[in-house]
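Letter 312 of the sequence shown, counting from 1, is numbered 650 in my numbering, and no numbers are missing. Quick reminder that beta carbons are idealized off the backbone N, C-alpha and C, glycines included.
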Amino acid sequence: MEWHFHPETGSPFWLERARSLDFDPRADIAGHADLRLFPNVANELRDVPVADLVPRGYGERPDVVGVFESGGTTGAPKRVVCPADWLEKLVGWSNANLDVHGFPRGVDWLGITPSGPHVVGEIFRRSARTHGRYGFQVDLDPRWVKRLVAEGKGGQADAYAEHVVDQAAHILRTQDIGVLTVTPPLLERIAQREELVELVNKKVRAIRWGGTQMDPDTAALYRTEIFPSAVLYGHYGSTMILGIAGQRHGGPPGEPCVFDTFSPYITFQVVDPATGEAVPYGERGQVVMHHVSRALLLPNNLERDTATRVPAPEGRIGDSAADIAPVARFDDEDVIEGVY
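Spelled out as structure tokens, the structure:
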């Protein structure tokens, strides 16, 4: 709080926004539970000049990796700025998770993910370079697919998805791919092509999925029957938290994935959206995400997903989340997932 609200280190956005708060963050925010005092300012990030989001403590020429946007699922996209020191910290944490799950190091990666303006593309490139060897990428434009679906052009959306898989197929045929990063809808399309199933089982030693949800039965089918030779690992995140949560290790096939956060920087709460109060463990609620680091302060962001509340691992702050699913409507907009 001292960093984000001190005139010499805070961002112009938060220093100005503090004027309208009915509390003093530097005096009144003493712990994680106090973050609920903040309003949800995520929608304000649709129009804020991005230079106003960079904390002054980074200096006149901050080392910024990029400006990243939300998916635009519920209106105009929101923007955040990612300093290099944060991304290095996040990828280091993520790489350690991959080691726990048995991902091989030093192999080539293939990512079927957005390259921009979403942060997942940058996370993929950094992960491939630091945990793997070479990174091959097939670009994915989820906004275009959502637009096609919303306009009733399902045939065009289907053709686009097949076009993306065709590009991935060529890479799988010609390169020694050891890790595949993919969204569940596109992994499903890969699983429907016998040639690609054989290629994945022959070459790919680990599959990292993320974006939309994957139901437990489908995950169990992939792990035991379709891709039995590959490790299957999921992540769940948002551009608005500049990061991801990782699947908990050791879950049995057929059980929902539990996602643990990069606490204390990224934390979840699973709440009743009508009251804002936490639901009991084991019950469903809506996911609230917090990001609190030098790079970004974005507390109390009510996401468009519901989840089952699970206790976080010992020593972690906040909740873990399982069985992620989108709400049907959010911010008065229909939620369309498409291919991501």
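{"Query": "Can you give me the Cβ contacts of T605 inside the same chain, cut-off strictly under 7 Å, excluding the 5 residues immediately before and after it?", "Result": "H370, T599, H628, I655 and G656"}
{"Query": "Assign R357 to buried or exposed, taking buried as 16 or more other Cβ atoms, counted over all protein chains shown, within 10 Å of its Cβ.", "Result": "exposed"}
{"Query": "Any idea if D385 is buried or exposed, counting beta-carbon neighbours within 10 angstroms, 16 or more meaning buried?", "Result": "exposed"}
{"Query": "Out of D496, P393 and G473, which one is the CA nearest neighbour of W482?", "Result": "D496"}
{"Query": "Would you mind reading off the limits of the beta strand (DSSP E) that contains E641?", "Result": "L635 to P649"}
{"Query": "What does a CB cutoff of less than 6 Å around L518 pick up in its chain, not counting 5 residues either side in sequence?", "Result": "L448, V542 and I545"}
{"Query": "Would you list the one or two residues that DSSP bridges to F606?", "Result": "M627 and D657"}
{"Query": "Exposed or buried, N381, counting other C-beta atoms within 10 Å across all chains shown (16 or more means buried)?", "Result": "exposed"}
{"Query": "Could you give the DSSP three-state label for Y580: helix, strand or coil?", "Result": "For the record, residue 580 in the displayed sequence is Leu; it is not Tyr. Correct three-state label for L580: coil."}
{"Query": "What is the DSSP secondary structure of I662, reduced to helix, strand or coil?", "Result": "strand"}
{"Query": "Would you give the residue range spanned by the beta strand (DSSP E) that A544 belongs to?", "Result": "A544 to G548"}
{"Query": "What did DSSP end up calling V538 once you bin it into helix, strand or coil?", "Result": "helix"}
{"Query": "When the Cα atoms are used, what is the spatial distance from P387 to E593?", "Result": "43 Å"}
{"Query": "Spatial neighbours of P554 within its chain, please: C-beta separation below 7 Å, excluding the five flanking residues on both sides.", "Result": "G592, E593 and P594"}
{"Query": "Hey, is the region 460-468 in contact with the region 426-438, meaning 3+ C-beta pairs nearer than 8 Å?", "Result": "yes"}
{"Query": "Does the beta-carbon distance from Y472 to D437 come in below 8 Å?", "Result": "no"}
{"Query": "Which whole runs of the beta strand (DSSP E) in the region 346-407 are 3 residues long or more, in chain order?", "Result": "402-407"}
{"Query": "Within its chain, find whatever has a CB closer than 7 Å to the CB of P350; leave out the 5 residues flanking it on each side and keep chain order.", "Result": "D390"}
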